[in-house]
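As structure tokens, the structure follows; a few thoughts come after it.
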Amino acid sequence: MEANTRWVALTAVAPVAWGANYYVTHEFLPPDSPLYGAALRALPAGLVLLGLCRQRPRGAWWWRSAVLGLLNVSVFFVLVYAASQLLPSSIASTVMAVSPLAMMLIASVLVSERPGIAHLAGAAIGLGGVCLMLLTGTGGVSVPGVLASAAAMLVSSFGHILTKRWNAGSDVLASTAWQLTAGGLFLLPVAAAVEGPPPTLSTPALLAFGYVTLVATALAFAAWFTGLRHLPAGTVGLVGLLNPVTGVLLGTAVAGEALTAQQVCGLALVLVGVVLGRPTRAGRRGASRAPLQLPVPCGNQGTRKQGAAPIACRDE
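Shown next, in the form of structure tokens:
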């Protein structure tokens, strides 16, 4: 149980960093360059992680990296960048809180993880909190911004569960580096064709990109995908509810956005949802079965056993 708590704490680094990312993007990055903004976020982060892991893709990971790079990086980053520029940080981050339910539904199909009663209850309570925060008026709401944020939520939910399915037996840091690099490389030529020359960045913008690249991307994605490897998708999705909590609190503390009693109630419900998603010993059976074990190369033996626990083999 202590190990599960550590994985939850590590996973929580991601949504907290992403919640702060909305404010940083909205306040300091150029609003008219979403493609360059996404490329400059992804590619440097991928290269940093590549320098740390010093591994290149092999076999199926060449095309897997391309697919995940498009879903989790290219398309997702552009949509999040646009949503961050069109919406207040509190609203942009709370729309993404619908992802726990989406991740549970997709995980039930792709990785055969059926959500438990606690996870479903946590998602329902968390969504109630999201509704309270979204329905609290803090000014006009951009419909295109909400649509961009909702699309980002759906794309990332599918991409994250696909990553969970494919990451069994692979190095999480390496696979994260590959998809970030691939996504950044996809974005660069599109940005040059659509937006022309790169935008001129001021010193605050450069510092903001430093945070976005190193903390909200390299560190956050490595922590998130590590959590997906060791925890049920439902638990990880509910930990992601810390994203809107961070966005709302940061918007209130730094951006001067109003925090009403209705939003406070919504925040409380979101935190209850996160607590309900904590993994239990019984719930661990719903998590990915191989991640905590080291896969062995496939041979004629099929699978091998270490004690009573089977260890799945992997293709070389």
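Numbering (my numbering), first residue to last: 835 to 1150.
Backbone N, C-alpha and C fix where the C-beta goes; we use that ideal spot for every residue, glycine too.
Original post:
Hey, leucine 1014 and serine 908: beta-carbon distance below 8 angstroms or not?
Top reply: Looking up residue 1014 in the sequence shown gives position 180. Looking up residue 908 in the sequence shown gives position 74. No.
Original post:
Is it buried or exposed for threonine 1034, if we count other Cβ within 10 angstroms and need 16 for buried?
Top reply: Reading the sequence shown from its first residue, position 200 is the one you call residue 1034. The residue in question, threonine 1034, is exposed, as its Cβ has fewer than 16 Cβ neighbours within 10 Å.
Original post:
Enumerated in chain order, which unbroken segments of the alpha helix (DSSP H) with a length of 4 residues or greater are wholly contained in the region 890 to 970?
Top reply: 895 to 902, 910 to 920, 923 to 929, 933 to 944 and 951 to 968
Subject >> Neighbourhood of leucine 1076 by C-beta distance below 6 angstroms, restricted to the same chain and skipping five residues each side >> reply: Here residue 1076 refers to the residue found at position 242 of the sequence shown. Correct list, in chain order: Ala846, Pro849 and Val850.
**OP:** Would you kindly work out how many angstroms separate the C-alpha atoms of leucine 904 and leucine 1062, rounded to a whole number?
**Re:** As a working mapping, residue 904 is identified with position 70 in the sequence shown. As a working mapping, residue 1062 is identified with position 228 in the sequence shown. Near 19 angstroms, if we compare the C-alpha coordinates of leucine 1062 and leucine 904.
Subject >> Identity of the residue in Ala916, Asn855 and Gly993 nearest valine 977 by Cα >> reply: For this step, residue 977 is matched to residue 143 along the sequence shown. Of the candidates Ala916, Asn855 and Gly993, the one whose C-alpha sits nearest the C-alpha of valine 977 is Ala916.
Original post:
Can you tell which of Gln1097, Thr1069, Val1106 and Phe1059 has its C-alpha closest to the C-alpha of serine 990?
Top reply: Walking along the sequence shown from the start, residue 990 turns up at place 156. The option with the nearest alpha carbon to serine 990 is Phe1059.
Original post:
When the Cα of glycine 963 is compared with those of Val1109, Val1108 and Leu1101, which residue comes out closest?
Top reply: For the purposes of this step, residue 963 is identified with residue 129 of the sequence shown, where counting begins at 1. The shortest Cα separation from glycine 963 among Val1109, Val1108 and Leu1101 belongs to Leu1101.
Original post:
DSSP three-state call for threonine 1094: helix, strand or coil?
Top reply: Position 260 of the sequence shown, counting from 1, holds the residue named residue 1094. Of the three classes helix, strand and coil, the one that applies to threonine 1094 here is coil, per DSSP.
**OP:** Can you tell me which of the three DSSP states glycine 979 falls into?
**Re:** Reading the sequence shown from its first residue, position 145 is the one you call residue 979. In this structure, glycine 979 counts as helix in the three-state DSSP scheme.
Original post:
Hey, is glycine 1044's beta-carbon within less than 8 angstroms of any beta-carbon in chain B?
Top reply: Judged by its chain identifiers, the structure shown contains no chain B, having just a single protein chain.
Original post:
For arginine 890, which of Ser1009, Ala941, Leu988 and Thr1047 has the nearest alpha-carbon?
Top reply: Indexing the sequence shown from 1 puts residue 890 at position 56. Checked all of Ser1009, Ala941, Leu988 and Thr1047; the closest Cα to arginine 890 is Ser1009.
Subject >> Separation of glycine 1018 from leucine 877, as counted between CA atoms >> reply: Position 43 of the sequence shown, counting from 1, holds the residue named residue 877. Position 184 of the sequence shown, counting from 1, holds the residue named residue 1018. Roughly 4 angstroms between the two C-alpha positions.
Original post:
alanine 1095: buried (16+ other C-beta within 10 angstroms of its C-beta) or exposed?
Top reply: The sequence position of residue 1095 within the sequence shown is 261, counting from 1. The residue is exposed, with fewer than 16 neighbouring Cβ atoms inside 10 Å.
Original post:
So what does DSSP say about arginine 888, is it helix, strand or coil?
Top reply: Here residue 888 refers to the residue found at position 54 when the sequence shown is read from its first residue. Correct three-state label for arginine 888: coil.
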